[in-house]
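Heads up: the protein sequence lines correspond to chains A and B, in order. Sequential numbering from 1 applies to the first sequence in our numbering. Sequential numbering from 705 applies to the second sequence in our numbering. For glycine and all other residues, C-beta sits at the position ideal for the given N, C-alpha and C. Since the structure is predicted, the reported quantities are computational estimates derived from the model, not experimental observations.
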Amino acid sequence: MATKTSPPSIRSSKTVSQSVTIDSEQAAPRKKPSLTEKGTSAVTAIEMGTRQREISVSEFFTKNRHLLGFDNPRKALLTCVKEAVDNSLDACEEAGILPDVTVKLETVVNGPTPVTPSQATRFRVTVTDNGPGIVRAQVPRIFAKLLYGSKFHRMRMSRGQQGIGISAAGMYGQLTTGKPVKVISRTGPRATAHYFEVQIDTKKNEPLVHENKQIEWAQPQGTEVAIEVEGRYQKGRASVDEWLEQTSIANPHVRLVYQTPEGETKEYPRTYHELPPSPKEIKPHPYGIEFGVLLKMLQDTKSHTVASFLASDFCRVSPALAEEMCKSAKLSPDAKPRAVKHQAAETLYKTIQTTKIMAPPTNCISPIGEKAILSGLYKQIKGEFYTAVSRPPAVYRGNPFIIEAGLAFGKGPEESVKPQPAAMPLAEGEDHGHDTELARVIRYANRVPLLFQQSACSTFKAVLNTTWRNYGMTQSRGALPAGPMVIFVHMASVWVPFTSESKEAIADYDEIQKEITLALREAGRRLGIFLRRKERAASEFRRRNIFDLYIEEVVEACNRLKGGKLPTEQLKEQLHKIASSRTGGLKTDEALGKTGAGPEGLPHSIIVTTEGIEGETEVAQQTATVPVVSSKPAQFERLSETKAPVKSVRAPKVRPGSGRAKRPAAAKAKVGQQDLFVGDASSGKKAALPKRKRPATSLTRKRK
Amino acid sequence: MAQAKPKKNGAVEKKLIGMADVVIAAAQRAKDPTFAIPIRALSNVSFNPRKGLIEMGEKKQARSFFNVGMAKKFMQTMLVADALSELQRADLTTSLREIYYRTKHTIQDSHENTFDTQDESDPIIEDLEVSLVALREELHVRAENSGSIVGPVVFGDDGDRVDCAKLGKGGYSVPSIVEPEYLEIRRCTADFLLLVEKGTQWNRLSEDKFWRRYNCVLLTGNGQPPRGVRRLARRLHEEHRLPVYVLVDNDPWGYYIYSVVKQGSINLAFESQRMAIPKAKFIGLSSADPERYELPRNVGIKLNDKDVTRAKELLNYRWFQKPAWQEEIKRMLANGLKFELDALANKDFQYLTKKYLPRKLKEKDWLD
């Protein structure tokens, strides 16, 4: 859901119309019983009028909490975490800070005896970030007023959109536990930390501040939100754990620490030390607006003429083009925008739609990038083959978007080489229980994992519609491909078209579907190349293997035939010699890819074998050199397995924020950050971390 | 003959041991160990019209160890040879299935089985039969007893006197190995031998004591007659000059059963010499019979695609080139129907015994 962290420099944040006027739908049910009741006269319009009144958004969402993802306790818990983390990430990225987010789930004792996390019904969700913090005056409204935020009015790619999310989470907590939202925020090391306890007045949709004091806070900068909610903690599909893992895949630039209700600490280290390029804000594209929106824009504009309105309030409309549009709409370019109404407005709208206008600029979206996707997949998923594809930007309904796809295939070299533990000889009719496991699709919209309503999602449909058989996978009709594979699909856009308010599935626009399919095909094609190459090597390997296996049997049979008097070792040796001469030792090695030539024809891919890593090795090495964890991917369980913690790692508290914190403004920090990464990128990524630290400290020193 | 047995077995064992020598010799010369196995397929059989037999050609296929496609089969061949030589040493007989179990195990350090199903081991035994020129009986492998005989014939089996005229309607179960050293034909007074495809019709004839009335031997192999049944028929035909008549369903498979009895099979063409009865006659059910015996069309069964394909194959076999046979098969294809022997019951339960066969024999209505 939407978030509304405002950066320190508060923009003119407008409050959205806070109330929904009642409509006949609500009034009708009340009217009906009175009509059917005998002896009661019909209700007059006046009487009805007395009952008609305004409903506050907060009240509306109290009754319709499922619209916001609070349908059941389990999902509610996830939604709370999600909203808070999304907010933190958006804020950090906008301020140019590499996000460092801690998520803590604790059970709250709600009775005489403590309960286990799986039985608990009350949780405290605490999310702490190293972001820019929130100015004091804004805290209450951000956390306790629905539809309040900085993102709704901007055409800019961000996780949150409407400004509902975090306050809805707070409201849900308030509704189920009666506890206020606790917020600590500090905008910099020189500023004081403020502690707030806020609740929402659901009638008025206004914040109620219970507590507001200055406190000592260990962190130099950042925000901490704690919400107590009714929820259920369960692992597995669509759990908090899964969501955080998937978040970490698509956001390898984030360091995530997760303290589970069981008291374990999982760390998802940062493997990509570059912030995604900051997305630019754009104006709406004329093709993307509806008639009603145009009317509203005509009313609200600051321009004095229609022509300047068109040229300044939309992207890709030059003054010349604006004049031309006015002309063909038979409007005076100098007409007052507010005067354009009814028929004239409709003509204008139609003209706009039929005029040829350049596609919107695409620098407003920031894709994850092939390297970062690879790095994320490599970090979290054990496999043999990884690849990532970023499509060029495309446009649907005037909204630019970018599709990215990734694949992680295989069980990891360790697992594929070691023989299966149950090496039971097979009985007749039995077979080698081939993996019937289906591939998994992980979906993202603006870097946020989508966990629900998979089958309604455009990405999922595109995966089904891709003929994976062409790429060496098995696939039944209308099903996911079978095999140990994770398919990653990300849609980045200034406006992701969700099928519902709860943002669970991407709507099925043709343009989007087409882009996803193209991305998947490219990824699939690379997978096909990899699989064919592997198959070739395997068949050579099998050739050699077969003989080794059978020589033993043949020699034993000969020995028995000869009455056990055969010099078996000698015969075996002779046969082995023939075998290796016949399978061509050197050639086989080449086919097995032991020559270290690297994967040709496989851009943006990683191949993992027992011998090592090929392809975008620097990405893999970057992952590997993160000091906190001896981060072989092997130590991270597969996504599909949800048991057992990853590895509790005590991270040395190197807070990236601590070094940078002294910088006064976020804007400056951003500059510093970019410099830092330019240096980082050029100096190779092998020793990524130490290099990252050095410029950081020198920067701060300079400032001092 | 009984004394000759150990010596002969010794010869088979020597052949089996010879296979190990092939491997050893090849290994010493750094060559790929290879066996030459005669091909058991239509492409490698020829019909000898003079003898009336299917004969095996000279074509052989190499089975080499160091060839990915053949390595496993080569290994399996060695295992089967080993198992067979074990039988020779212990002087035991066994079944195909027991050989399969005997040779099945998991290959060391893997979870691959030497054999996964019996379908893999059976052809290898046949390969060995052909390549070593040893009969299955000589290899001490027996088939299942799936044949019955009844009629005026007396056998000596393991010293027991078996009078097939005094065994009620069940008859004597034909053992799979009927070589003279195992089964002795002491006396036979029958005039002819009737080989019936199906057990049900054999039962009908046996129950009706058809053999007593027409002084014949009734033999069945329950479908495609096993070697024991074919070999016994051949022996009765050869040693006691019994004409052999074959009674099968009127379908392509029935025709083929008849042809196997008469000329030998493609798969085991090398055994035709011992098994085939070139003078056997096809007594029924002919595709002309439904009309002649007024069988209603509705007791026929429509030929399916497989039947039609098979019938067309038969038309091309060299041993079905006689005009009478071409006519017979083409008539069936033209009718589009096949008839089971059982369909005769449509007229009467005893129609086969009382009307059909007597008339056939009287009219000498058979095909050669």
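Could you tell me how far apart the beta carbons of residue i and residue j are, in whole angstroms, since I believe they sit closer than 8 Å?
{"i": "K1042/B", "j": "N954/B", "result": "6 Å"}
{"i": "P286/A", "j": "F309/A", "result": "Contact flag wrong, Cβ pair sits at about 11 Å."}
{"i": "P956/B", "j": "A1028/B", "result": "Rounded, the Cβ-Cβ distance is 17 Å, inconsistent with contact."}
{"i": "L520/A", "j": "T467/A", "result": "So it is not a contact: roughly 10 Å between Cβ atoms."}
{"i": "I506/A", "j": "T459/A", "result": "6 Å"}
{"i": "V713/A", "j": "P337/A", "result": "The structure shown does not extend to residue 713/A, since chain A is modelled only from 1 to 704, so the question has no answer here."}
{"i": "P140/A", "j": "V81/A", "result": "In fact, because the Cβ distance is near 22 Å, the residues do not count as touching under 8 Å."}
{"i": "A344/A", "j": "V395/A", "result": "So it is not a contact: roughly 28 Å between Cβ atoms."}
{"i": "A734/B", "j": "F547/A", "result": "No, A734/B and F547/A are not in contact; Cβ-Cβ is about 14 Å, not under 8 Å."}
{"i": "L298/A", "j": "V340/A", "result": "5 Å"}
Output needed for residue i: all residues of its chain with C-beta closer than 7 Å, excluding positions within five of it in sequence on either side, in chain order.
{"i": "E759/B", "result": "V749, S750, N752, A973, S976"}
{"i": "A894/B", "result": "G855, P856, V857, N919, C920, V921, L946"}
{"i": "S9/A", "result": "Unreliable placement is indicated for S9/A, whose pLDDT of 42 sits below 50; the coordinate value is still reported in the next sentence. Within the same chain, S9/A has no close Cβ partners at all."}
{"i": "I368/A", "result": "A250, P276, E404, R447, H490"}
Name, please, each residue of chain A whose Cβ falls closer than 7 Å to the Cβ of residue i.
{"i": "V727/B", "result": "V554, C558"}
{"i": "S789/B", "result": "L561"}
{"i": "I779/B", "result": "Note on residue identity: the sequence assigns Met, not Ile, to residue 779/B. Ordered by position in chain A, the residues that pass the 7 Å Cβ test against M779/B are Y550, E553, V554."}
Could you tell me which residues DSSP pairs with residue i in its beta bridges?
{"i": "M491/A", "result": "I403/A, A445/A"}
{"i": "R124/A", "result": "E106/A, E228/A"}
{"i": "L757/B", "result": "N752/B"}
{"i": "T474/A", "result": "A482/A"}
{"i": "H604/A", "result": "Its beta-bridge partners do not exist; DSSP assigns none."}
{"i": "T924/B", "result": "S852/B, V900/B"}
{"i": "N817/B", "result": "T810/B"}
{"i": "H194/A", "result": "S185/A, Q214/A"}
{"i": "Y1055/B", "result": "The partner list for Y1055/B (beta bridge, DSSP) is empty, contrary to what the question assumes."}
{"i": "T738/B", "result": "S768/B"}
{"i": "A869/B", "result": "In the DSSP output, where bridge partners are listed per residue, A869/B has none listed."}
Which residues in chain A have a C-beta closer than 8 Å to the C-beta of residue i? List them in chain order.
{"i": "D867/B", "result": "Going along chain A, no residue has its Cβ under 8 Å from D867/B, so there is no contact; the nearest lies around 42 Å."}
{"i": "A785/B", "result": "A557, L561"}
{"i": "E816/B", "result": "L549"}
{"i": "I811/B", "result": "L549, Y550, E552, E553"}
Apart from the five residues on each side of it in sequence, which residues of its chain come closer than 8 Å, Cβ to Cβ, to residue i?
{"i": "A724/B", "result": "M782, A785"}
{"i": "D23/A", "result": "Low confidence applies to D23/A: its pLDDT is 44, below 50, so where it sits in the model is not reliable, and the reading given next is rough at best. No residues qualify anywhere along the chain."}
{"i": "S328/A", "result": "T351, T355"}
{"i": "S789/B", "result": "E717, L720, I721"}
{"i": "E37/A", "result": "Caution is warranted here: a pLDDT of 47 is assigned to E37/A, below 50, making its placement in the model unreliable, and the coordinate value is therefore given only provisionally. So the list is empty, once near-sequence residues are dropped."}
{"i": "Q822/B", "result": "L800, R801, Y804"}
In chain B, what lies closer than 9 Å to residue i by C-beta?
{"i": "I578/A", "result": "A730, A731, A734, K735, D736, P737, F769, F770"}
{"i": "R582/A", "result": "D736, F770, N771"}
Whose Cβ in chain B lies nearer than 7 Å to the Cβ of residue i?
{"i": "E562/A", "result": "The sequence shown places Lys at residue 562/A, rather than the Glu named in the question. Here the neighbours are I721, A724."}
Give the residues of chain B in contact with residue i, contact being defined as C-beta atoms less than 8 Å apart.
{"i": "I706/A", "result": "Past the edges of chain A, shown from 1 to 704, lies residue 706/A, and the structure says nothing about it."}
{"i": "E574/A", "result": "Here residue 574/A turns out to be Gln, not Glu, going by the sequence shown. Those are A731, Q732, A734, listed as they occur along chain B."}
{"i": "L724/A", "result": "Any question about residue 724/A goes unanswered here, given that chain A covers just 1 to 704."}
Using a cut-off of 9 Å between C-beta atoms, extract the partners of residue i located in chain A.
{"i": "I743/B", "result": "Those within 9 Å of I743/B in chain A number zero; the least Cβ separation is about 23 Å."}
Identify, in the order they occur along the chain, each residue of the same chain with its Cβ nearer than 6 Å to the Cβ of residue i, setting aside the five sequence neighbours on each side.
{"i": "L843/B", "result": "L788"}
{"i": "I853/B", "result": "C868, G875, Y876, V878, L923"}
Could you check whether the Cβ of residue i sits closer than 8 Å to any heavy atom belonging to the ligand NAD?
{"i": "A1047/B", "result": "The model depicted lacks the ligand NAD and carries no ligand whatsoever."}
request  = Would you check if there are 3 or more beta carbon pairs closer than 8 Å linking the stretch 87-105 of chain A to the stretch 191-198 of chain A?
outcome  = no
inquiry  = Check whether the stretch 554-568 of chain A and the stretch 727-744 of chain B touch, using three or more Cβ-Cβ pairs below 8 Å as the test.
reply    = yes
query = Just checking, does the stretch 909-919 of chain B make contact with the stretch 999-1008 of chain B on the three C-beta pairs under 8 Å criterion?
reply = no
message = For the pair the stretch 896-909 of chain B and the stretch 935-951 of chain B, tell me if three or more CB-CB distances fall below 8 Å.
response = yes
inquiry  = Is it the case that the stretch 874-885 of chain B contacts the stretch 849-861 of chain B, given that we only count it when at least three CB pairs across the two stretches are under 8 Å?
reply    = yes
request  = Give a yes or no on contact between the stretch 336-350 of chain A and the stretch 379-398 of chain A, applying the rule of three or more CB pairs nearer than 8 Å.
outcome  = no
task = State whether the stretch 88-100 of chain A contacts the stretch 126-142 of chain A, with contact taken as three or more CB pairs (one from each stretch) at a distance under 8 Å.
result = yes
Cβ pair count under 8 Å reaching 3, the stretch 989-997 of chain B against the stretch 1032-1052 of chain B = yes
ask   = Any contact of the stretch 174-182 of chain A with the stretch 221-239 of chain A, i.e. 3+ C-beta pairs under 8 Å?
value = yes
request  = Tell me, please, whether the stretch 826-836 of chain B touches the stretch 737-744 of chain B by the rule of three or more beta-carbon pairs shorter than 8 Å.
outcome  = yes
inquiry  = Using 8 Å as the cut-off, can you tell me whether the stretch 396-408 of chain A makes contact with the stretch 482-497 of chain A, which would need three or more C-beta pairs spanning the two stretches below that distance?
reply    = yes
message = Using 8 Å as the cut-off, can you tell me whether the stretch 764-773 of chain B makes contact with the stretch 732-741 of chain B, which would need three or more C-beta pairs spanning the two stretches below that distance?
response = yes
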